[in-house]
Amino acid sequence: MRSSDLSSSYFALFNMPVSFDIDRKILTERYRTLQRTVHPDRFANAAESERRLSVQMAARINEGFQTLKDPLARGRYLLELRGIELNDLDTAFDGAFLMEQMELRERLGAVKECDDPHQQLQKIARDIDVRIKEITAELAILFTENNDASFEKARDLTRKMQFFRKLEQEADALDDDLDVY
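For any residue, its number in our numbering is found by taking its place in the sequence shown, counting from 1, and adding 9.
Laid out in structure tokens, this is it:
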């Protein structure tokens, strides 16, 4: 175990190519192997510095796994590696996207008044899921193009995906509310 692993990229940590497209099965296998290697229990009788490094590495591995397995977090991370930051306060989007967001929010707001709110909510959730999958596919293409213009488009799409994820969470919360009634 090397302390330099704490500063390596998540892709290097998991010995994976720097890419938006990753093999989740391989990622999971490498995660489990790394966790077994650095698990703090293996260092119970080691020097304090080794135990501390083990805990730090286990945390780094968990953080890297959570980032790489999630398309939104992975997209943000790839942009970050290229020096492109996402301003979470920036809400400037094209009109079509804003209209789509407003429509989805209105549909979510009207769910409780529907004859079959669960069915309506499932339809909205499917629509949101379709959009997230479309954006994920577009991001996979943009990140392979590897140029400034594609990274800017990827930045915008990643920001849009954040909004869809927020809607997805709102739909989940609404589903929980419906179950209470």
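Glycine included, each C-beta is placed from N, C-alpha and C at the ideal position.
Around the beta carbon of residue 148, a 10 Å sphere encloses 16 or more other beta carbons of the protein chains shown; the residue is thus reported as buried. When the beta-carbon positions are compared, residue 29 and residue 73 stay at least 8 Å from each other. The beta carbon of residue 140 sits closer than 7 Å to those of 173, all from its chain and outside the five residues before and after it, given in chain order. DSSP, reduced to helix, strand and coil, places residue 32 outside both helices and strands of the structure shown, so it counts as coil. It is roughly 14 Å from the alpha-carbon of residue 132 to the alpha-carbon of residue 115. Annotated as proximal: residue 137 and residue 177, with beta-carbon spacing under 8 Å. Boundaries of the alpha helix (DSSP H) around residue 87: 80 to 90. With a cutoff of 8 Å on beta-carbon distance, residue 27 and residue 49 are scored as not near each other. A direct Cα-to-Cα measurement between residue 181 and residue 47 gives close to 36 Å. In the assembly as shown, residue 70 is a buried residue. Its beta-carbon has 16 or more other beta-carbons within 10 Å.
Between residue 151 and residue 166, the C-beta gap is smaller than 8 Å, which places the two residues in contact. Assigned with DSSP and collapsed to three states, residue 49 falls in helix.
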